[in-house]
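From first to last, the protein sequence lines are chains A, B, C and D. Read in this note's numbering, the first sequence has 43 at position 43, and its numbers run on one by one without any break. Add 1000 to a position in the second sequence, counting from 1, and you land on the number used in this note's numbering. Add 2000 to a position in the third sequence, counting from 1, and you land on the number used in this note's numbering. Add 3000 to a position in the fourth sequence, counting from 1, and you land on the number used in this note's numbering.
There are 4 protein chains.
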Amino acid sequence: MTTIKELSERIHEFCKERNWDKYHSPKNLAMSVAIEAGELMEHFQWIESNEAFDHGKKNSSEISDEIADVAIYLFDLARTLEIDLGNAITKKMKKNAIKYPA
Amino acid sequence: MTTIKELSERIHEFCKERNWDKYHSPKNLAMSVAIEAGELMEHFQWIESNEAFDHGKKNSSEISDEIADVAIYLFDLARTLEIDLGNAITKKMKKNAIKYPA
Amino acid sequence: MTTIKELSERIHEFCKERNWDKYHSPKNLAMSVAIEAGELMEHFQWIESNEAFDHGKKNSSEISDEIADVAIYLFDLARTLEIDLGNAITKKMKKNAIKYPA
Amino acid sequence: MTTIKELSERIHEFCKERNWDKYHSPKNLAMSVAIEAGELMEHFQWIESNEAFDHGKKNSSEISDEIADVAIYLFDLARTLEIDLGNAITKKMKKNAIKYPA
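Here you go:
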């Protein structure tokens, strides 16, 4: 079972090998997350909500790549800012549980 | 060390308890990823790239919450479409390694 | 000098001729604005702010098309909701003038 | 009838009076368009396409402001890059007419 930390380290290694660190400022990485989120959304642009699951399953391979692209930039942004993404999610879900009681 | 799968299951549990599943179509979740990505980007809107790291560290708590919000919807989208996010990232990085040789 | 109203009508005519009205719900048009905004942003993803003007001038034709894509969906969204975009901008700028005094 | 050019000039005047020009690089303006597009989309996040028109009419005032925000940054971006937005739209629609014959 791969952890977020392991994946983040592999992503960082990949970027260092290509000398991309200088481009990967938090500003540019946040932009990149949003750009990839737009490409992900494109798959569901003209699809109704109730068709979206079937459409998603049929185009699973392309959508999987788009989801991965968002995740790669998001994990790299968190690492760059020394934010532990697993902890961040756990902390945010505790806030959500208070804001939206079951 | 928390895995993506464990976090995804906790997110799904949280949504089921609130009866949110009916709203969480892949279309709406993809929109939600993009909406939260916009909020994350807002923190770096008027900041230069070379100021972005210091700015990010100073506002680490708010930015950590925004990163978590993107991740929560992204993990939930992957789970909804029965996509293993860890595998998706690994697969995409192999493609990236071919596209961008070191 | 072309007005927003004239352009909006031409855009609507274009969509009606292609029987696209059924897809152009305000929800889908708002998504489309965001998707095209992501593509526009892509042109400036790895560029520093101080390089962005020169980069923009050099790639003026492609960027012009992306700006147009955002505008086309935005104008169509406003028309669909019977919002007069010129008035909306004027009204919003009055609010901005109060919020941010010169 | 207000033209795009008149509105763009008013927006530019507004920014100059507040000494905002230094922040309004094409990179930052493209980000701003995408950020505001995300806020606009938020109004339709959990709404079905067939409910979106009624929802849009009921929340017309807030949505009108969000549409204006996207337009203000978009018009300013075009002006900054010396792109005539009216021409850009006309040119792009000619391309679209070839790509998607009626």
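All residues carry an ideal CB built from backbone N, CA and C; glycine is no exception.
Between the alpha carbons of Trp-3020 (chain D) and Phe-14 (chain A), how many angstroms are there, rounded?
Stepping through the fourth sequence from its first residue, residue 3020 (chain D) is reached at position 20. Stepping through the first sequence from its first residue, residue 14 (chain A) is reached at position 14. Whole-angstrom Cα-Cα distance: 38 Å.
Roughly how many angstroms separate the alpha carbons of Ile-3083 (chain D) and Asp-76 (chain A), rounded to a whole number?
Start at 1 with the first residue of the fourth sequence, and residue 3083 (chain D) comes out as number 83. Start at 1 with the first residue of the first sequence, and residue 76 (chain A) comes out as number 76. Each residue's CA atom was taken as its position, placing Ile-3083 (chain D) and Asp-76 (chain A) some 35 Å apart.
My output table needs one value for Thr-80 (chain A): the three-state DSSP class, helix, strand or coil.
Translated into the one-based positions of the first sequence, residue 80 (chain A) becomes position 80. Three-state result, Thr-80 (chain A): helix.
Complete runs of the alpha helix (DSSP H) confined to the stretch 13 to 71 of chain A [at least 4 residues]:
26 to 42, 49 to 58, all fully within the stretch 13 to 71 of chain A.
Closer than 8 Å to chain D by CB, Ala-52 (chain A)
Sequence index remark: in the first sequence, residue 52 (chain A) carries index 52 (1-based). Answer no: the Cβ-Cβ gap between Ala-52 (chain A) and chain D never drops below 8 Å.
Pop quiz: Gly-56 (chain A) and Ile-63 (chain A) are said to be a contact at Cβ under 8 Å. What is the actual Cβ separation, rounded to whole angstroms?
Within the first sequence, the letter at position 56 stands for residue 56 (chain A). Within the first sequence, the letter at position 63 stands for residue 63 (chain A). Their Cβ separation, rounded to whole angstroms, is 6 Å, which keeps Gly-56 (chain A) and Ile-63 (chain A) in contact under 8 Å.
By DSSP, does Thr-2 (chain A) sit in helix, in strand, or in coil?
Looking up residue 2 (chain A) in the first sequence gives position 2. If DSSP states are grouped into helix, strand and coil, Thr-2 (chain A) belongs with coil.
Using the rule of at least 16 other Cβ atoms within 10 Å of the residue's Cβ for burial, across every protein chain shown, is Glu-2042 (chain C) buried or exposed?
By 1-based counting over the third sequence, the position of residue 2042 (chain C) is 42. When all chains shown are included, Glu-2042 (chain C) counts as buried.
Three or more C-beta pairs below 8 Å linking the stretch 81 to 95 of chain A and the stretch 44 to 60 of chain A:
Flag = no, the stretch 81 to 95 of chain A and the stretch 44 to 60 of chain A do not touch.
Is the beta carbon of Glu-48 (chain A) closer than 8 Å to that of Ser-3049 (chain D)?
Position 49 of the fourth sequence holds residue 3049 (chain D). Position 48 of the first sequence holds residue 48 (chain A). The Cβ-Cβ distance between Ser-3049 (chain D) and Glu-48 (chain A) falls below 8 Å.
So which residues on chain A does Tyr-2023 (chain C) lean against when the C-beta distance must stay under 9 Å?
Along the third sequence, read from residue 1 onward, the residue named residue 2023 (chain C) stands at position 23. The contact set of Tyr-2023 (chain C) on chain A, defined by CB atoms closer than 9 Å, consists of Gln-45, Trp-46 in chain order.
Could you have a look at Tyr-3073 (chain D) and say whether DSSP puts it in helix, strand or coil?
Taking the fourth sequence and counting its residues from 1, the one referred to as residue 3073 (chain D) is at position 73. Tyr-3073 (chain D) falls in the helix class under three-state DSSP.
Would Tyr-73 (chain A) be called buried (16 or more neighbouring beta carbons within 10 Å of its own) or exposed?
The residue labelled residue 73 (chain A) in the question sits at position 73 within the first sequence. Under this definition Tyr-73 (chain A) is a buried residue.
One question on the structure: do Ala-2034 (chain C) and Ala-3034 (chain D) come within less than 8 Å of each other, judged by their Cβ atoms?
Reading the third sequence from its first residue, position 34 is the one you call residue 2034 (chain C). Reading the fourth sequence from its first residue, position 34 is the one you call residue 3034 (chain D). Their beta carbons are under 8 Å apart, which means Ala-2034 (chain C) touches Ala-3034 (chain D) by this criterion.
By a C-beta neighbour count over all protein chains shown, 10 Å radius and 16 as the cutoff for buried, is Ala-1102 (chain B) buried or exposed?
As a working mapping, residue 1102 (chain B) is identified with position 102 in the second sequence. Counting C-beta atoms within 10 angstroms of its own C-beta, Ala-1102 (chain B) has fewer than 16 neighbours from the protein chains shown and is therefore classed as exposed.
What do you reckon, are the CB atoms on Val-1070 (chain B) and Ala-1037 (chain B) nearer than 8 Å?
The residue given as residue 1070 (chain B) occupies position 70 in the second sequence. The residue given as residue 1037 (chain B) occupies position 37 in the second sequence. Going by C-beta atoms, Val-1070 (chain B) is nearer than 8 Å to Ala-1037 (chain B).
Straight-line CA distance for Asn-3087 (chain D) to Arg-3018 (chain D)?
Looking up residue 3087 (chain D) in the fourth sequence gives position 87. Looking up residue 3018 (chain D) in the fourth sequence gives position 18. Computed Cα separation, rounded: 29 Å.
Helix or strand or just coil, what does DSSP make of Ala-1088 (chain B)?
Mapped onto the second sequence, residue 1088 (chain B) falls at position 88. Under the three-state reduction of DSSP, Ala-1088 (chain B) is assigned to helix.
Who are the near neighbours of Thr-80 (chain A) in its chain, counting only those whose CB is closer than 7 Å to its CB and skipping five residues on each side?
Numbered from 1 along the first sequence, position 80 holds the residue referred to as residue 80 (chain A). Excluding sequence positions up to five before and after Thr-80 (chain A), its CB lies within less than 7 Å of the CB of His-24, Pro-26, Leu-29, all in the same chain and listed in chain order.
Any beta carbon of chain D sitting closer than 8 Å to that of Ser-32 (chain A)?
As a working note, residue 32 (chain A) is residue 32 in the first sequence. Not an interface residue.
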